[in-house]
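Protein sequences appear in the order of chains A and B.
With the working numbering, letter number 38 in the first sequence gets 38, and the count goes up by one each step, no holes.
With the working numbering, letter number 41 in the second sequence gets 41, and the count goes up by one each step, no holes.
Built from N, CA and C at the ideal position, the CB exists for glycine as well.
Keep in mind it's a predicted model, so treat the numbers as computed, not measured.
Beneath this line is the structure, given in structure tokens, with notes to follow.
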Amino acid sequence: AQSVTQPDIHITVSEGASLELRCNYSYGATPYLFWYVQSPGQGLQLLLKYFSGDTLVQGIKGFEAEFKRSQSSFNLRKPSVHWSDAAEYFCAVGAAGANNLFFGTGTRLTVIP
Amino acid sequence: EPEVTQTPSHQVTQMGQEVILRCVPISNHLYFYWYRQILGQKVEFLVSFYNNEISEKSEIFDDQFSVERPDGSNFTLKIRSTKLEDSAMYFCASNVGQSYEQYFGPGTRLTVT
């Protein structure tokens with residue numbers, strides 16, 4: 001069965017510090033992987049996606065993620081966090097020809113001055 | 001930039017009442033989706049819709065739910081007889097094809113009292 005695990009429910013970082021949000025997935029087929037961000041009261045905004053090719057993908061707002069097939073992981077990183085990055089981050093997995101996305105439970109990021 | 005829109009942003013209804021949540025997907029998109037997020041929980045897939053019919057649905061999408069594309073632009077989710085546990089944020093999404101990223105609307109917060 002497909003599943004996505006985000007082991008960190010809540011992370012607090014200082015502004016300017018680096019960030020890594022973890023995501024592990026379980027999927028029988030070749031996965032399509034996504035990171036979405038949700039600001040309070042807002043919808044889901046796509047940060048980046050991995051379909052194939054280069055395993056290090058760049059997204060918007062300075063985020064990047066690396067697909068590691070051997071570890072079934074797709075961790076999200078940012079070298080220097082800004083206060084505006086405070087939000088909920090969701091990892092999701094889908095597959096070619098599939099209709100639905102499976103989401104993780106999310107990681108809430110707090111940024112302190 | 002085109003975006004998915006949803007109305008209303010917040011709907012309050014009494015248990016047993018029918019509600020219709022409305023979405024306008026991005027105009028050249030062909031696949032449409034509904035997801036829900038119960039407060040504090042993960043985003044869950046409800047249903048996907050293509051070529052005027054349901055292409056996939058989850059076990060959450062039981063007989064009290066229905067979807068429709070009444071015209072060339074709107075995509076609706078109807079809940080026939082709402083229950084307290086239907087209280088959630090409902091997200092509409094669309095994409096150009098099954099293997100492409102889904103674009104999400106801002107959501108409709110449904111509160112059933």
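Cβ proximity to chain A below 8 Å picks out S55, E56, S58 from the segment 53 to 72 of chain B.
The beta carbons of S14 of chain A and V81 of chain A sit closer together than 9 Å. The segment 66 to 82 of chain A and the segment 17 to 31 of chain A touch, with no fewer than 3 CB-CB distances between them shorter than 8 Å. Remark: fewer than three beta-carbon pairs, one from each stretch, lie closer than 8 Å, so the segment 61 to 70 of chain B and the segment 3 to 10 of chain B are not flagged as touching. Here M89 of chain B is bridged, per DSSP, to B:Q37, B:R109. Here the alpha carbons of G97 of chain B and N51 of chain B stand approximately 12 Å from one another. The beta-carbon of Q42 of chain A is placed less than 9 Å from the nearest beta-carbon of chain B. In the three-state DSSP reduction, L56 of chain A falls in the strand class (E or B). Counting along the chain, R80 of chain B sits inside no beta strand (DSSP E), nor does DSSP assign it H or E at all. Ranked by Cα distance from V12 of chain B, the options B:Y103, B:C92, B:L84 are led by B:L84. Put simply, the segment 50 to 58 of chain A does not touch the segment 9 to 29 of chain B. Fewer than three CB pairs are less than 8 Å apart. With respect to L21 of chain B, L77 of chain B sits close: the two C-beta atoms are nearer than 9 Å. Shown here, S70 of chain A sits in a helix according to DSSP, grouped into three states. Distance between F90 of chain A and Q14 of chain B, taken at the CA atoms: about 31 Å.
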